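J.: Quick note: the sequence shown, position 71, residue 257 per this note's numbering, numbers continuous. Every residue, glycine too, gets a C-beta built ideally from N, C-alpha and C. Computed from a prediction, not measured in an experiment: that's the story for all the values here.
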Amino acid sequence: MSSSKQRSVLEKVSQLVGKNNKLGKIISGYSKLREANYISSHFSAYLEAVVAHDEALKKEVFRIRHHVYCEELGFEPLRESGMESDEFDAYAKHCLINHTNSNSFAGTVRIVWPKKDGQQIPIERYCADSITNIDLHPSNFSRGEVCEVSRLAVPKEFRRRKMDEHEGAALGVINKQTYSDTELRCFPFIAVGLYFAAAALVLEERIKHTYVMMEPRLARSMSFVGIKFEQIGPVVDYHGKRAPYYINQELLEQKLSLGFKKMLTDIRKTISEKH
187 MSSSKQRSVL
197 EKVSQLVGKN
207 NKLGKIISGY
217 SKLREANYIS
227 SHFSAYLEAV
237 VAHDEALKKE
247 VFRIRHHVYC
257 EELGFEPLRE
267 SGMESDEFDA
277 YAKHCLINHT
287 NSNSFAGTVR
297 IVWPKKDGQQ
307 IPIERYCADS
317 ITNIDLHPSN
327 FSRGEVCEVS
337 RLAVPKEFRR
347 RKMDEHEGAA
357 LGVINKQTYS
367 DTELRCFPFI
377 AVGLYFAAAA
387 LVLEERIKHT
397 YVMMEPRLAR
407 SMSFVGIKFE
417 QIGPVVDYHG
427 KRAPYYINQE
437 LLEQKLSLGF
447 KKMLTDIRKT
457 ISEKH
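(1) Pairs of beta-carbons, one from the region 297 to 306 and one from the region 247 to 267, closer than 8 Å: are there three or more?
(2) Mind reading off the beta-carbon distance from HIS285 to LEU233? Whole number of angstroms is fine, and I expect it under 8 Å.
(3) By how many angstroms is the C-alpha of SER230 removed from the C-alpha of TYR471?
(4) Round the Cβ separation of GLU341 and HIS253 to the nearest angstrom and send it over; I've been treating them as touching at under 8 Å.
(5) Can you give the Cα-Cα distance for PHE327 and ASN434, rounded to whole angstroms?
(6) For the putative contact between ILE529 and ALA386, defined by C-beta atoms under 8 Å, what is the C-beta separation to the nearest angstrom?
(7) Closer than 8 Å is the cut-off here; do at least three beta carbon pairs connect the region 260 to 269 with the region 306 to 325?
(8) DSSP state of ASP367, grouped into three classes?
(9) Residues bridged to LEU282 by DSSP?
(10) Relative to the C-alpha of ASP423, which residue among ARG406, GLU401, LYS441 and PHE410 is closest?
(11) Give me, in chain order, the residues of the same chain whose beta-carbon lies closer than 6 Å to that of SER316; leave out the 5 immediate sequence neighbours on both sides.
(12) Which of the three DSSP states is assigned to LEU259 in this structure?
(13) Out of GLY293, PHE274 and ARG311, point me to the one whose CA is closest to LEU243's CA.
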């Protein structure tokens, strides 16, 4: 029996017996587990998280960022080198998503992780005044305990599906109109893979406090997969309308569904083995 027919049969049985019935609960639990394995195995079949641990891979990161942030969006000036980088890259960890069939990179993200006095995360340098939740201000914590997720980018050639042509797709915004965690053709594997690659790096390094400066719609789209950030300040004008957000391991694991926990675990395992 095909997976779609099997799902249809299970749904019908669940409706007949009722979701609160013991059998209904078992079917519901099985369906969630099956979808979790299905999504994670589909990701692993076509895509792979790769830590940019050498100069060649870092150049790939900087090229993708130049295409998206400089050429396409105009957020940063064009560079003759065709590579976009800044001072924060000196103490950042970068991750790529590799499309295994074509052996080309489908996206990148970084975590800026200061370890020395004087080193800052971008939100401290450019938007410190926008943080109104003083208790969660990064200056309250030791340098090695804070990081910032930034420079998430998906190149245009990996946004060719009709459902990926929405505004913000280059920066990982998920399309609410077409999003589905059960219909694989509608699932934003690259964007979700990048979010989880960043989360995996943070968890592997045991970093306690994570910050992101992003558009509220990006924060909302992250909530589709259970990554629920806490907004710690108002929206300000910084490369568009953005607000400061915070998350830690407890907040991440609190809201993540079974399916996405499985996907995160698998990505974390891949990163751990090659880190």
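T.: Let me spell this out:
(1) no
(2) 6 Å
(3) This structure cannot speak to residue 471, because the chain is shown only from 187 to 461.
(4) Position check: residue 341 holds Pro in this sequence, whereas Glu was assumed. Yes, PRO341 and HIS253 are in contact; Cβ-Cβ is about 5 Å, under 8 Å.
(5) 13 Å
(6) Outside the modelled stretch of the chain, which goes from 187 to 461, sits residue 529, for which no answer is possible.
(7) no
(8) Note that ASP367 scores 46 on pLDDT, short of 50, meaning its location in the model is unreliable; the coordinates nonetheless yield the value given after this. Here ASP367 sits in coil by DSSP.
(9) VAL236 and THR294
(10) GLU401
(11) GLY419, VAL422 and PRO430
(12) coil
(13) GLY293
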